[in-house]
Amino acid sequence: MPVSDAYARSGVDQGAADSAVAGLVRALGKIELGRPSAQVPLPGHYASVIEVAPNLGIALSTDGVGTKLVLAEALGKLDTVGIDCVAMNVNDVICVGAEPLAMLDYIAIDRADPEVCEAIGVGLARGATLAGIEIPGGELAQLGDMVHGVDVSGACFGTVALDAIVDGRRVAPGDSIIGLPSSGLHSNGYTLARKALEGIDMDEDPEGRLGRPLGEALLEPTVIYVKPIVELLRSEVDVHGLAHITSGGVNNLLRLAAPVGYEIDAPLPPQPIFDLIRERGNVTDAEMHEVFNMGCGFCVVVPENDEARALEMLRAHHPGAGRIGRVTDDSGHVVR
227 MPVSDAYARS GVDQGAADSA VAGLVRALGK IELGRPSAQV PLPGHYASVI EVAPNLGIAL
287 STDGVGTKLV LAEALGKLDT VGIDCVAMNV NDVICVGAEP LAMLDYIAID RADPEVCEAI
347 GVGLARGATL AGIEIPGGEL AQLGDMVHGV DVSGACFGTV ALDAIVDGRR VAPGDSIIGL
407 PSSGLHSNGY TLARKALEGI DMDEDPEGRL GRPLGEALLE PTVIYVKPIV ELLRSEVDVH
467 GLAHITSGGV NNLLRLAAPV GYEIDAPLPP QPIFDLIRER GNVTDAEMHE VFNMGCGFCV
527 VVPENDEARA LEMLRAHHPG AGRIGRVTDD SGHVVR
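In the numbering used here, the protein residues as written are 227 to 562.
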């Protein structure tokens, strides 16, 4: 994936991030357990799975809200970022076919502020309700020497039968790709978005394009896809692959295990906020698709003969769901 020029100028160097992750992986590969590893090999997938009993795995994921928090703090509205935190974690856990059960939150703050923490808690509780999970505990760290403001992250776990893991290896050419609509930017690309929209009044609707104030559109919470995906997994539909579409857009489909390609010929419509960012930030179309979800927050890959049944179930929760493309034999390539 090419390095994003506008994203790098705004302060995020994705190439450097990839190198940093590679360094972490190399170091972690030297862990000596003194026993066989319980990790189920799922390289590059959305969640990790640890075998804990015969045919039982625990799926693990961790993520945070990112620089969306900078905007939320500036606007004095922190009661929805907890939803984002839950969403970014549970949406990854379901990608391996697991059902999320619980999440722990971690709040790093310059000084403990009861009003701020309660507002964050309101969002966490709402997100947990939407995902059907518990938040039995967490951590509040006062880090005034390190943190200016607040940072919110979490770690989620769920259970999955080892013989029911969805890793994408059964994805095959001819399969249908179904997209579930996002609510907007979700929790990715906010460094670039804030830079592109710098100077615009967050209480205004630029040129009447958004139908609401800009700040409200930018703080729209990330969609939680747990309930429809768990319902689909419990049905007779043969689910071949699941992909949480975050930074990287539909290229995230390449994280599935099968050596295939993907053709997106009927993309879901992006919300107006994306066009505003593209125009005001002079961001290329290719880079927009590299950084943002562009209107599609989650993808489900099913055999073509299961497409109609899958769409019926998914549209009961997300009416805007639709077939967006098909799987090809052009391995390692996504064509839009």
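Backbone N, C-alpha and C define an ideal beta-carbon position, used for all residues, glycine too.
All values derive from a computational prediction rather than experimental measurement.
Residue burial classification, residue i (beta-carbon count within 10 angstroms, cutoff 16)
i      : result
Met227 : Legend: pLDDT at Met227 = 43, less than 50; position of this residue unreliable, no value from coordinates given.
Gln563 : Lying outside 227 to 562, the shown extent of the chain, residue 563 is not represented and no answer is given.
Val561 : exposed
Gly434 : exposed
Met372 : exposed
Asp555 : exposed
His470 : buried
Arg252 : exposed
Ala298 : buried
Helix, strand or coil at residue i [DSSP, three-state]
i      : result
Tyr416 : helix
Ala207 : Any answer about residue 207 is impossible in this case: the structure gives the chain only from 227 up to 562.
Glu462 : coil
Val229 : Note that Val229 scores 47 on pLDDT, short of 50, meaning its location in the model is unreliable; the coordinates nonetheless yield the value given after this. DSSP places Val229 in coil when its eight states are reduced to three.
Asp331 : strand
Arg506 : helix
Ser379 : strand
Ala253 : helix
Gly565 : Residue 565 lies beyond the residue range present for the chain, which begins at 227 and ends at 562; the question has no answer from this structure.
Leu268 : coil
Glu439 : Rather than Glu, the amino acid found at residue 439 in this sequence is Pro. Pro439 falls in the coil class under three-state DSSP.
Run of the alpha helix (DSSP H) containing residue i, from where it starts to where it stops
i      : result
Leu406 : No alpha helix (DSSP H) contains Leu406, which is instead part of the beta strand (DSSP E) from Ser402 to Pro407.
Pro485 : Note, Pro485: premise wrong, no alpha helix (DSSP H); not H, not E.
Ala398 : It is not in any alpha helix (DSSP H) - Ala398 carries neither H nor E in the DSSP assignment.
Arg535 : Glu533 to Arg541
Ile309 : Val307 to Val319
Val517 : Asp511 to Val517
Same chain only: Cβ atoms within 8 Å of residue i, ignoring 5 sequence neighbours per side
i      : result
Asn281 : Ala387, Leu388 and Asp389
Thr293 : Tyr416, Thr417 and Arg420
Glu533 : Ser402, Ile404 and Arg549
Pro362 : Ala328 and Leu330
For residue j and residue i, believed in contact at Cβ under 8 Å, the rounded distance
i      : j      : result
Asp339 : Leu369 : Not really, about 13 Å apart at Cβ, beyond 8 Å.
Ala232 : Val509 : 5 Å
Leu366 : Ile333 : 5 Å
Ile359 : Val316 : 6 Å
Cys321 : Tyr272 : 4 Å
Residue i: first and last residue of the uninterrupted beta strand (DSSP E) it sits in
i      : result
Ile450 : Counting along the chain, Ile450 falls outside any beta strand (DSSP E), and DSSP gives it neither H nor E.
His470 : Gly467 to His470
Val528 : Cys522 to Val528
Residues near residue i in its chain [Cβ-Cβ closer than 7 Å; skip 5 each side]
i      : result
Phe518 : Leu411, Asn414, Gly415, Gly475 and Phe500
Thr306 : Gly349, Leu445 and Pro447
Cutoff 6 Å; reference residue i; Cβ partners in own chain excluding five residues on either side
i      : result
Ser409 : Glu446 and Val449
Pro262 : none
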